[in-house]
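**Student:** Chains A and B supply the protein sequences, listed in that same order.
If you're matching positions, the first sequence starts at 1 in our numbering and goes up one per residue.
If you're matching positions, the second sequence starts at 431 in our numbering and goes up one per residue.
The C-beta atom is built at its ideal place from N, Cα and C for all residues, glycine as well.
Protein chains: 2
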Amino acid sequence: MLSKKPYRGTRDFFPKEQRLREFIFETMHKCALKYGFEPYDGPLLEEVALYQAKSGEELINDQIYSFNDRGERFVAIRPEMTPTLARMVAQIHKEELKPIRWFSIPNLMRYEKPQRGRLREHWQFNCDIFGASGRLGELEILNLAISLFKDFGANAEHFEIRINDRAVIDSFFNYLKLSEEQVYRIYKIIDKSKKVDEAALDKMIGELKLEDSTVTSLKKYLNLTSFDELNTFFSELGLSDSISEFNLLIDKLNKDYVLYDPCIVRGLDYYTGVVFEIFDKNPENRRALCGGGAYANLLQIFNEPPLAGVGFGLGDVTLTDFLNGHNLVPERVREPAIDVLFTFQDENALEISLEMANKLRDRNLSVLSVFEKLKMQRVFKVAEKRGARFTTIIGSNELDNKKIIIKNLETKEQKEFSFDDIDSIVNFVG
Amino acid sequence: MLSKKPYRGTRDFFPKEQRLREFIFETMHKCALKYGFEPYDGPLLEEVALYQAKSGEELINDQIYSFNDRGERFVAIRPEMTPTLARMVAQIHKEELKPIRWFSIPNLMRYEKPQRGRLREHWQFNCDIFGASGRLGELEILNLAISLFKDFGANAEHFEIRINDRAVIDSFFNYLKLSEEQVYRIYKIIDKSKKVDEAALDKMIGELKLEDSTVTSLKKYLNLTSFDELNTFFSELGLSDSISEFNLLIDKLNKDYVLYDPCIVRGLDYYTGVVFEIFDKNPENRRALCGGGAYANLLQIFNEPPLAGVGFGLGDVTLTDFLNGHNLVPERVREPAIDVLFTFQDENALEISLEMANKLRDRNLSVLSVFEKLKMQRVFKVAEKRGARFTTIIGSNELDNKKIIIKNLETKEQKEFSFDDIDSIVNFVG
Chain A
1 MLSKKPYRGT RDFFPKEQRL REFIFETMHK CALKYGFEPY DGPLLEEVAL YQAKSGEELI
61 NDQIYSFNDR GERFVAIRPE MTPTLARMVA QIHKEELKPI RWFSIPNLMR YEKPQRGRLR
121 EHWQFNCDIF GASGRLGELE ILNLAISLFK DFGANAEHFE IRINDRAVID SFFNYLKLSE
181 EQVYRIYKII DKSKKVDEAA LDKMIGELKL EDSTVTSLKK YLNLTSFDEL NTFFSELGLS
241 DSISEFNLLI DKLNKDYVLY DPCIVRGLDY YTGVVFEIFD KNPENRRALC GGGAYANLLQ
301 IFNEPPLAGV GFGLGDVTLT DFLNGHNLVP ERVREPAIDV LFTFQDENAL EISLEMANKL
361 RDRNLSVLSV FEKLKMQRVF KVAEKRGARF TTIIGSNELD NKKIIIKNLE TKEQKEFSFD
421 DIDSIVNFVG
Chain B
431 MLSKKPYRGT RDFFPKEQRL REFIFETMHK CALKYGFEPY DGPLLEEVAL YQAKSGEELI
491 NDQIYSFNDR GERFVAIRPE MTPTLARMVA QIHKEELKPI RWFSIPNLMR YEKPQRGRLR
551 EHWQFNCDIF GASGRLGELE ILNLAISLFK DFGANAEHFE IRINDRAVID SFFNYLKLSE
611 EQVYRIYKII DKSKKVDEAA LDKMIGELKL EDSTVTSLKK YLNLTSFDEL NTFFSELGLS
671 DSISEFNLLI DKLNKDYVLY DPCIVRGLDY YTGVVFEIFD KNPENRRALC GGGAYANLLQ
731 IFNEPPLAGV GFGLGDVTLT DFLNGHNLVP ERVREPAIDV LFTFQDENAL EISLEMANKL
791 RDRNLSVLSV FEKLKMQRVF KVAEKRGARF TTIIGSNELD NKKIIIKNLE TKEQKEFSFD
851 DIDSIVNFVG
C-alpha cells in the first residue's frame with residue numbers, strides 16, 4: 001500500500017501553507033530589492049568535491065544527500081548555498097562592478113533527525129555582499145537583516161541579533177599565546193558552551209591544560225555580556241586597538257536589536273570578521289533563526305585572488321515558527337482571495353457566464369467560474385470558502401434581459417449590468 | 431582543481447537569467463490566479479515506489495535520480511509533479527470543495543542527454559483541475575494555457591495547440607476490433623509517427639500483422655488534418671456519436687489557436703480524455719512546449735474512488751527558447767532596476783548618505799548605497815550599469831548646507847532637498 005505521507009522531514013504545502021510560504025518569500029524578495037540586491041540561483045545538484053573543499057566535516061560525513069549519478073559522477077543535493085555562490089562568483093568576479101550584492105531563496109536538503117525548527121528540506125534566504133570596502137558591507141548586511149524582520153512586523157520584543165567578531169577573538173587568542181591546535185579546540189568549546197552546564201565547560205577547558213591565568217582570562221571572556229564589558233576587558237588587556245574597527249561598526253548599528261555575545265563564533269566556518277546570529281526572544285522558541293558573518297577568502301578554493309564577503313542565511317522553518325509564535329502572520333495570508341465568483345442560477349446562462357469570466361480575466365481580474373447553476377444560499381457559502389469579494393447572479397429574468405447582477409459581498413451593495421458592459425463591471429469590481 | 435562550471439545539464443542563474451526566470455514565474459503565477467487556481471508545492475524527494483506506481487517505465491529505468499538515503503529508504507528527486515500531486519490530493523479530496531484547482535512551479539530533475547530545449551534540471555508550471563463536471567474542466571485548462579501565452583505577448587503566429595482525444599481514439603480502435611496488446615503497440619507507433627518517414631511507419635504497422643482494411647483505416651486516420659476531416663471520417667465509419675462530446679469542447683475553444691492532430695496521444699500515459707500539446711511555430715524550434723490532458727483515475731494507486739482531472743505541464747527551458755525565438759522578452763526584464771543610486775562627492779557625507787538611504791528604504795524605495803565618494807562622470811556610469819532611475823549628489827557645498835541634490839536620470843531634471851525632507855524626496859522619486 002502506497003503511503004500518502006511526504007518523505008520524512010519534508011513538507012506538503014497545501015494552498016494554506018503555500019500561500020504563507022509565498023508571503024514569506026515575497027517579503028524577503030522585496031526587502032533584498034530595497035537594498036539593491038540582485039537575484040541569482042544555482043543548480044539543485046553539485047559535485048561533492050565542491051562541498052569537500054568548502055563545507056564542514058559533519059556536513060559531508062553525516063548530512064549531505066550524496067550519490068553517484070548514472071554517469072558515475074559523485075554528486076549531492078545542495079545542503080547550503082555558499083559553495084554554489086562561491087563557484088558562481090568565481091566565474092564573473094573579475095568583470096563585475098563591485099560591490100556585488102546577490103540574494104537567493106533556494107531549497108536545500110540535509111539528512112537531519114526531524115524536530116521542531118529542523119527538517120530535512122528547507123528553503124533559505126541567502127544575502128551576500130562581495131568586494132565592499134571596510135566594514136560597510138557588514139553594516140549593510142546587518143541592516144538588511146533588521147529591515148527584513150521589521151518588514152514582517154517584528155520589533156525588539158520579538159528578536160535580537162547576537163554579535164561578535166572573529167578578528168577580535170583572534171587578537172585575544174593571540175594575546176593568550178595559544179597554539180593553532182588550542183585555538184581550534186577552544187572554538188569548538190565556545191560553540192558548545194551554551195549547551196552545557198558550568199561543570200562540563202570547566203572540564204572541557206581543563207582538558208586543554210592551559211595555564212591558570214589563561215583559564216581565568218578565557219572564563220572572564222566567556223562571561224562578557226555587553227559591548228561595554230568587552231571594551232573594558234580589552235582595555236585591561238591592553239588590546240583596545242584591536243577592537244576599534246569592531247566598535248566603529250557597532251556604533252552605526254541600531255542598539256535596539258543588537259547585543260554582544262562572546263559565545264557566537266559560528267563554529268569552524270570560514271568567517272574572519274563579524275559573526276552574528278538572530279535569536280527568537282519567544283521563551284518557547286529560544287533558538288537561532290539565522291546566522292551569518294564576514295569572510296575574507298571565499299574564492300580561495302578556486303585559486304582566485306581574495307575577495308572579501310559578508311552574508312547570512314535564514315531558513316524558512318525556524319522563521320515560520322518565529323512568525324507563528326509572535327502572531328505575525330496576517331490572517332488573510334493563508335486564505336484564498338479572488339475578485340469575482342462567477343455563478344448563475346439558470347442553467348442556460350452557462351455559456352455567457354464562461355464568456356464573461358474570460359473577458360474579466362483579460363482585464364486582470366481573478367475570476368472563479370462555477371460550472372453548474374448554484375442556488376443563492378449556496379452562492380454565499382462558496383463565495384466565503386473561496387475568498388470572493390464579489391459574486392455574480394444570472395437568473396432567468398436576467399438572462400432574458402441580457403443582464404447580470406454583481407454583488408459586493410462585503411458592503412452587500414449590488415448592481416445590474418448589461419452583458420456587454422464590461423467596462424462598468426470592471427469599474428464596479430476594480 | 432575544482433570546476434567552476436555547473437553540474438552537467440543544469441544552469442547557473444546569474445542575475446540577468448534569474449530576473450528572466452522571475453518574470454516567467456510571475457507571469458505564470460498571475461495567470462493561474464486569474465483563473466482562481468490555488469498554489470501548492472511538495473517535497474523535492476519522494477519514495478521511488480510512488481513513481482513506480484504512477485510513471486512510465488522509461489522514466490524509472492533511465493531517467494530518475496534515485497538512491498538510497500542514509501536510512502535505506504529508496505528515494506528519487508522528483509522527475510515530474512503529478513505523482514506528488516496525486517499523493518497530496520488523495521489526502522484531502524474527500525473534504526475539499528470541488529472542483530479543486532491547483533498550480534505549482536517546482537524544480538524537477540531527469541537524467542537526460544542535455545540538448546537544445548532539454549536539460550537535466552528544469553522548472554515546470556503545473557496546472558490541474560479535479561472534480562469538474564463534463565468537459566468544462568478541459569475547456570478551462572485549455573483556456574488558461576491560451577491565456578498564459580497571450581499574457582507573454584504571444585499570438586496565433588507564435589504558437590498552436592494540437593489536440594486530440596483518447597476517448598475518441600479508443601472508440602475508433604474499438605471499431606477496428608483491436609486487441610489490448612495491439613492497442614498498446616499502436617499507441618507507441620503513433621507516438622513515434624512524426625519522427626520517422628513513411629517507409630519506417632509502414633514497416634512498424636506491417637509488424638502488427640493487421641488485416642488490409644484495418645491498415646487502410648489506420649493510415650487514413652493518421653492523415654487527418656482537421657476537425658472537419660475527423661468528423662467526416664467518423665461519420666463514414668458510423669461513429670458520429672462517439673465524437674459528439676469532443677465536438678462540444680472544440681466548439682467552445684478559440685479556433686485561432688487550436689488544430690486537430692491525430693498523432694497527439696501523449697504516449698502510454700494515464701490520459702483518458704482530451705490530450706494536447708502546445709507547439710512553437712518558430713521554424714527553427716518546432717517542438718512541443720507543453721503537454722497535458724484529462725485522466726479519470728488519478729487516485730487509483732491509493733485505492734481512492736475515481737476523481738477525474740485535467741492538467742498540463744509547461745517547462746521553463748523550452749518556454750525560454752520560445753520567448754527568445756519570438757523576441758517576446760521585454761528588454762527591461764533582464765536588466766537591474768533600482769529607484770535611487772545613493773552617491774556622495776564629499777567623503778564626510780558617508781554617514782548622512784547611509785542614514786538617508788535607510789529612510790528611503792523604509793518608504794519602500796529600492797536604494798543602492800555607494801560606499802565611497804564618487805566623481806560625477808563615474809556616477810552616471812554606475813547609475814546606468816545598476817539601472818537607477820535617480821541619483822543623489824552630495825558635494826561639499828550641499829553638505830555644509832545640509833542639502834542633497836536628486837537628479838532624474840531620464841529627464842535630467844534635478845532638485846535640491848533638505849536632508850530631513852524625506853517626504854518631498856519620496857514624492858519627487860515616487
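What are the start and end residues of the beta strand (DSSP E) that includes ASP256(A)?
**Tutor:** No beta strand (DSSP E) contains ASP256(A), which DSSP labels as neither H nor E.
**Student:** Identify the continuous alpha helix (DSSP H) that holds GLY567(B) and give its terminal residues.
**Tutor:** It spans 566-581 - the alpha helix (DSSP H) in which GLY567(B) sits, taken as one unbroken run.
**Student:** Could you tell me the alpha carbon to alpha carbon distance between VAL196(A) and LYS16(A), rounded to whole angstroms?
**Tutor:** Each residue's Cα considered, the two are about 39 angstroms apart.
**Student:** Give the residues of chain A in contact with LYS815(B), contact being defined as C-beta atoms less than 7 angstroms apart.
**Tutor:** Correct list: LEU97.
**Student:** Could you work out which residue in LYS177(A), VAL426(A), LEU248(A) is closest to PHE390(A) when comparing CA atoms only?
**Tutor:** For PHE390(A), the nearest C-alpha among the options comes from VAL426(A).
**Student:** Helix, strand or coil for LYS837(B)? Go by DSSP, reduced to three states.
**Tutor:** In the structure shown, LYS837(B) sits in a strand (DSSP, three-state: E or B).
**Student:** I want to see whether chain A comes within less than 7 angstroms of ASP442(B), judged by CB atoms only; does it?
**Tutor:** With 7 angstroms as the cut-off, ASP442(B) counts as an interface residue toward chain A.
**Student:** Are the CB atoms of ILE416(B) and ARG816(B) nearer to each other than 7 angstroms?
**Tutor:** One cannot answer for residue 416(B) here, as it falls past the ends of chain B, which runs 431 to 860.
**Student:** Give the C-beta separation of VAL859(B) and VAL770(B) to the nearest angstrom, bearing in mind that I take them to be a contact with Cβ-Cβ under 8 angstroms.
**Tutor:** At roughly 6 angstroms, the Cβ-Cβ gap stays under 8 angstroms, so VAL859(B) and VAL770(B) are in contact.
**Student:** Starting from the N-terminal side, write out each stretch of the alpha helix (DSSP H) that is 4 residues or longer and does not extend beyond the region 47-76 of chain A.
**Tutor:** Segments of the alpha helix (DSSP H) lying fully in the region 47-76 of chain A: 48-54.
**Student:** Can you list, in chain order, the residues of the region 462-475 of chain B whose Cβ is nearer than 8 angstroms to any Cβ on chain A?
**Tutor:** Of all residues in the region 462-475 of chain B, LEU463, LYS464, TYR465, GLY466, GLU468, PRO469, TYR470, ASP471, GLY472, PRO473, LEU474, LEU475 have a Cβ within less than 8 angstroms of some Cβ in chain A.
**Student:** Is it true that the region 164-177 of chain A meets the region 303-313 of chain A, where meeting means three or more beta-carbon pairs spaced less than 8 angstroms apart?
**Tutor:** Counting Cβ pairs under 8 angstroms, fewer than three are found: no touch.
**Student:** Alpha carbon to alpha carbon, how far is LYS624(B) from CYS693(B)? Give it in angstroms, no decimals.
**Tutor:** If you take the alpha carbons of CYS693(B) and LYS624(B), they lie about 7 angstroms apart.
**Student:** Pick helix, strand or coil for CYS461(B), following the three-state DSSP scheme.
**Tutor:** Three-state DSSP puts CYS461(B) in a helix.
**Student:** Show which residues of chain A have a CB atom less than 7 angstroms away from the CB atom of ILE768(B).
**Tutor:** Near ILE768(B) (Cβ distances below 7 angstroms), the residues of chain A are GLY36.
**Student:** For the region 483-500 of chain B against the region 390-405 of chain A, do three or more pairs of beta-carbon atoms, one drawn from each stretch, fall closer than 8 angstroms, so that the two count as touching?
**Tutor:** Touching, no, given that fewer than three Cβ pairs across the two stretches are closer than 8 angstroms.
**Student:** When the cut-off is 7 angstroms and only beta carbons count, does ASN778(B) lie next to chain A?
**Tutor:** Not one chain A Cβ lies under 7 angstroms of ASN778(B).
**Student:** Taking DSSP as the reference, what is the three-state secondary structure of GLU121(A)?
**Tutor:** Residue state, collapsed to three classes: strand.
**Student:** For the region 153-167 of chain A against the region 273-285 of chain A, do three or more pairs of beta-carbon atoms, one drawn from each stretch, fall closer than 8 angstroms, so that the two count as touching?
**Tutor:** Output reads yes: the region 273-285 of chain A touches the region 153-167 of chain A.
**Student:** In chain order, what residues of the same chain lie with their CB nearer than 6 angstroms to the CB of ASP751(B), ignoring the 5 residues before and after it?
**Tutor:** Cβ neighbours of ASP751(B) beyond the five flanking positions: GLY547, ASN715.
**Student:** Spell out whether any CB of chain B is found under 7 angstroms from the CB atom of LEU319(A).
**Tutor:** Chain B contact via Cβ: absent.
**Student:** Taking the CB atoms as reference points, tell me whether SER226(A) and TYR260(A) lie closer together than 7 angstroms.
**Tutor:** The answer is yes: Cβ separation under 7 angstroms.
**Student:** Tell me the rounded alpha-carbon separation between GLY293(A) and LEU314(A).
**Tutor:** C-alpha separation (whole angstroms): 12 angstroms.
**Student:** Determine the chain A residues that contact ALA562(B) at a beta-carbon separation under 7 angstroms, and present them in chain order.
**Tutor:** The answer, in chain order, is PHE371.
**Student:** Leaving out the 5 sequence neighbours to the left and right, which residues in its chain are closer than 8 angstroms to MET204(A) when beta-carbon positions are compared?
**Tutor:** Counting only Cβ-Cβ distances below 8 angstroms, and skipping sequence neighbours, we find ILE189, LYS192, VAL196.
**Student:** For the region 722-794 of chain B, list the alpha helix (DSSP H) runs that are entirely contained and at least 4 residues long, ordered along the chain.
**Tutor:** Segments of the alpha helix (DSSP H) lying fully in the region 722-794 of chain B: 746-755, 761-764, 780-792.
**Student:** What three-state label does DSSP hand VAL183(A) in the structure shown?
**Tutor:** The answer is helix: DSSP assigns VAL183(A) an H, G or I state.
**Student:** So for SER563(B), helix, strand or coil by DSSP?
**Tutor:** Three-state DSSP puts SER563(B) in coil, outside helix and strand.
**Student:** What are the boundary residues of the beta strand (DSSP E) that includes VAL519(B)?
**Tutor:** Per DSSP, VAL519(B) belongs to no beta strand (DSSP E); it is in the alpha helix (DSSP H), 512-522.
**Student:** Which same chain residues end up closer than 6 angstroms to PHE432(A) when comparing Cβ atoms and leaving out the 5 residues on each side of it in sequence?
**Tutor:** Outside the shown range of chain A, which is 1 to 430, sits residue 432(A), and nothing can be said about it.
**Student:** Against chain B, which members of the region 227-244 of chain A pass a CB distance test of less than 8 angstroms?
**Tutor:** Those residues of the region 227-244 of chain A that come within reach of chain B (Cβ to Cβ, closer than 8 angstroms) do not exist; the list is empty.
**Student:** Decide yes or no for the touch test of the region 411-425 of chain A against the region 367-381 of chain A: beta carbon pairs closer than 8 angstroms, at least 3 of them.
**Tutor:** At 8 angstroms Cβ cutoff, the stretches do not touch.
**Student:** Look at the Cβ atom of LEU50(A), then the Cβ atom of PRO79(A), and state whether they are nearer than 7 angstroms.
**Tutor:** It is not a contact, given that the beta carbons lie outside the stated cut-off.
**Student:** Are there three or more Cβ pairs, one per stretch, closer than 8 angstroms when the region 570-581 of chain B is compared with the region 461-468 of chain B?
**Tutor:** The region 570-581 of chain B is in contact with the region 461-468 of chain B.
**Student:** Going along chain B, which residues have a C-beta under 9 angstroms from VAL75(A)?
**Tutor:** Residues of chain B passing the Cβ test: TYR437, TYR495.
**Student:** Report all residues from its chain with a CB closer than 6 angstroms to the CB of ASP850(B); omit the five preceding and five following residues, and keep chain order.
**Tutor:** Hits under 6 angstroms: none found.
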